[in-house]
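See the structure below:
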């Protein structure tokens, strides 16, 4: 019998986790590579992981686990790397000496031939080890149970990627496809007539649990909009990454100047139906931004680089407890526009990312020049100060068809005027899912090849897909908060001797008092 007396119920499994565990009918083995001699902080992660898995096994004996020291058992490093298990190198200080040790903070869930790797430490920059480990413990239940569900799932949900609107090239979209294929059966959706989505594509779309539209540059026809509308009305989830303005960084780096212009995708009325409006104006954030590295000159034939703030690449930093954005690295947007939320009945709108209070809007068409780096805060031509602007939103609820009262409804067999409970994510930047390609090889999604920074684009889009397709409501586990209750190190150092003597002498004093009391009572009774 166990009682969880913690305020945040950190040792109690959620109802959704228990449902997933109870659905496991075959034996599951979990190898945890957190065994060996490593620092105390990681010992805590080890004990928390062990306790969590013991709770899993208590709910369902089919779930078994063991802790393995991959170094002591001499598991080949190549075998670990092939599973996406990478070593972490830590400094270990003992007896005044510093040495480096390797640990592998991962688990491997094995279900027959299915093997799923679980990272036990979240990926987040600019936080110290104590905070990082606390965030990892917060995410522990979600990471383990979501991956266990994938390992036991025999039928992967299908994710379709629309390929018809001059979207990103396969090389530029390789990073997204890799992350989608980890958990889902993802592939392209190519219209049968090679021109536009039509009624002939309905059977294929019905097989898709979610549809991804990434950076379309060709306008949607009215027939395509009707097909997409009815896909949503029939419960299909959608992830939209939309550029309302054409602005490419490659052009700017070649000519040091470019002329962005609006892109008409013929989707204004479509999104307006869901209470959204994507504005064709560039957002400049002069407070939260990524840096741009460029050639600033030449010395003796050697290029000299300069790294400067670039307000057209604002950063999405999670400032709420939304499970999609919590505990991830800042997300890099490139020439994003903004989203206005208008509100619709039966639809809940959640803001995922927005700019800071120091935001400027640049109306287009208008010139963007590299020289603006020298005057980041200054207002340029056709620019104006603005309140924070929204970059990404999540919609949830029962959607109403944009064609419910239009004549086009008669051309669609089995037309539906409203949807069941549904979800949608809209992002006002098509480049958020684009990975860089160097010498024909795609880089990891979110990697800036010049500054060597890794942004949270991959984490964000992975969470976005999981949110859309999470029928077990496991994403709510990412909102778990575990309060750090740390001892005051300075106070410990100052009062160390006092408490050592206190703990040494107090038991002796108590024993002496009880012994004296016992002697006095005995003497009084028999003396």
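Residue numbers (the working numbering): -13 to 513.
The beta carbon of each residue, even a glycine, is placed where N, CA and C say it ideally should be.
From a predicted model like this one, the values you see are computed outputs, not experimental measurements.
Give me whichever residues DSSP pairs with residue 349 in a beta bridge. 267
Helix, strand or coil at residue 398 according to DSSP, with G and I counted as helix: coil
For the beta strand (DSSP E) containing residue 528, list its first residue and its last residue. Coverage of the chain is limited to positions -13 through 513, which leaves residue 528 absent and any answer about it impossible.
Cross-strand partners of residue 244 (DSSP beta bridge): 354
Does the Cβ-Cβ distance between residue 90 and residue 47 come in under 7 Å? no
Less than 7 Å separating the beta-carbons of residue 121 and residue 313? yes
Compare the C-alpha of residue 300 against each of 309, 315 and 322 and name the closest. 322
First and last residue of the uninterrupted beta strand (DSSP E) at residue 198: 196 to 200
First through last residue of the beta strand (DSSP E) which encompasses residue 92: Element bounds for residue 92: 92 to 97.
Which term fits residue 11, buried or exposed, when burial requires 16 or more other beta carbons within 10 angstroms of its beta carbon? exposed
Alpha carbon of residue 332 to alpha carbon of residue 99, nearest angstrom: 44 Å
Can the beta-carbon of residue 382 be found closer than 7 Å to that of residue 334? Taking a C-beta distance under 7 Å as the contact criterion, residue 382 and residue 334 qualify as a contact pair.
Report the residue from 191, 465 and 186 whose alpha carbon sits nearest the alpha carbon of residue 174. 191
Would you mind listing the alpha helix (DSSP H) stretches within the stretch 457 to 503 that are 4+ residues and don't spill past its ends, in chain order? 475 to 480
May I have the straight-line CA-CA distance separating residue 235 from residue 264, to the nearest angstrom? 21 Å
Distance, Cα to Cα, residue 201 vs residue 231? 11 Å
Residue 41 versus residue 50 - alpha carbon distance: 11 Å
Around the C-beta of residue 464, are 16 or more other C-beta atoms found within 10 angstroms, so that it is buried, or is it exposed? Taking all protein chains in view, the Cβ of residue 464 is crowded by 16 or more other Cβ atoms within 10 Å, so the residue is classified as buried.
Which runs of the beta strand (DSSP E) at least 3 residues long sit entirely within the stretch 151 to 221? Give them in chain order. 171 to 175 and 196 to 200
Between the alpha carbons of residue 160 and residue 304, how many angstroms are there, rounded? 25 Å
Would you mind reading off the limits of the alpha helix (DSSP H) that contains residue 54? For residue 54, no alpha helix (DSSP H) segment is defined, and its DSSP state is neither H nor E.
Residue 129 and residue 104 - do their beta-carbons sit closer together than 7 Å? yes
Using DSSP with H/G/I as helix, E/B as strand and the rest coil, what is residue 437? coil
Selection from 330, 58, 35 and 165 that minimises the alpha carbon distance to residue 18: 35
What did DSSP end up calling residue 329 once you bin it into helix, strand or coil? Three-state result, residue 329: coil.
Using three-state DSSP, classify residue 260 as helix, strand or coil. Looking at residue 260 - three-state DSSP - the assignment turns out to be coil, as it is neither helix nor strand.
Note the first and the last residue of the continuous alpha helix (DSSP H) segment covering residue 30. 26 to 45
DSSP three-state label for residue 250, please. coil
I'd like to check one pair, residue 222 with residue 197: are the Cβ atoms closer than 7 Å? yes
Relative to the C-alpha of residue 237, which residue among 163, 485, 355 and 182 is closest? 355
Could you pull out every residue in the same chain whose Cβ sits closer than 7 Å to the Cβ of residue 318, ignoring the five residues on either side in sequence? 276, 299, 301, 432, 441 and 443
Roughly how many angstroms separate the alpha carbons of residue 395 and residue 207, rounded to a whole number? 15 Å
Just to confirm, are residue 477 and residue 143 a CB contact at a threshold of 7 Å? no
Give every residue of the same chain whose Cβ lies closer than 8 Å to the Cβ of residue 390, excluding the five residues on either side of it in the sequence, and list them in chain order. 403 and 404
Kindly indicate which residue of 239, 293, 377 and 215 has the alpha-carbon position closest to the one of residue 259. 215
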